[in-house]
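The opening position of the sequence shown corresponds to residue 79 in this note's numbering, with each subsequent residue numbered one higher. For each residue, glycine too, the CB sits at the ideal point set by N, CA and C.
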Amino acid sequence: MKIHVITHCLHYTGGSGPFRRYVMASRSGYRVTGTDGSDFRHRERVAPIYNYGPLLKRRIRFVFMLHLCVWILMFIRLLPELCLRFGLKTRLLVEKWPFPQSNLWEYVWCFGSLLPTIFGYLSLNRNRTGLMRISIVGTVVFGLGSVIVGGFQHAFELLQYYETRRPRHLFYGFPLIVIVYIFFSLCIQIHGFSVYFGYNLYYLWSTHTRKLR
């Protein structure tokens, strides 16, 4: 029985008679010729980078695309006021625009959260930890931060609408405050997943870099 178990762990490589040569098999089967099996632990450490990394990149790219779609909507919302601030004659358009005057947090979110997304997308090409770190910090500060400030700023209006069912502003007959908080919920999810996937990629890349050193 002992001999039977041992022979199942050996792999015949050549020779005949008493000169037959056997080598130990690797953990998953016969190992590649020219190795002694000692690189198994190294391959186990490196494997997550090639398996988990591409999956995270695909997911964070999808999150970045969602952020871009929401950003375009916000930019369209701010476009008439931006044109008016730069001297373009759009006062009539602003007066007919079905939105109230923009708040500061909207400008901060629109222009502050776009750059971290660009840095995060550029970091995916060559696993650049520096750009990903900037993306994570910028998303937390300008993305989540501005949305949280906006949520507190509009909280009283939301409570007032909940009690009276009379909104201050309407968007084609629909309460605008409800649309604003739908926007907040989307942004929190988008930025939350962006930070989560970005941090996992940053940790994976930095760990691999330290091991190479």
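Indicate the three-state DSSP secondary structure (helix, strand or coil) for residue i in the structure shown.
i, result
"Y281", "helix"
"F271", "helix"
"L202", "coil"
"H286", "helix"
"G216", "helix"
"R155", "helix"
Check whether the Cβ atoms of residue i and residue j lie closer than 9 Å to each other.
i, j, result
"E184", "R155", "yes"
"R139", "L202", "yes"
"G228", "M210", "no"
"L134", "F275", "yes"
"P158", "H247", "no"
"S224", "W187", "yes"
"V148", "T217", "no"
"P176", "F249", "yes"
"F220", "L200", "no"
"G131", "N205", "yes"
Which residues does DSSP list as the beta-bridge partners of residue i?
i, result
"F177", "Its beta-bridge partners do not exist; DSSP assigns none."
"L248", "P253"
Going by CA-CA distance only, name the one from the options that's closest to residue i.
i, options, result
"G190", "L237, G276, F153, P158", "F153"
"Q231", "I214, R244, I255, L134", "I255"
"Y239", "G221, V225, F220, Y259", "Y259"
"N181", "L160, G165, P194, T195", "L160"
"L266", "L222, F249, P253, W283", "The residue you asked about is not Leu; residue 266 is Ile in the sequence shown. With distances taken between Cα atoms, I266 lies closest to L222."
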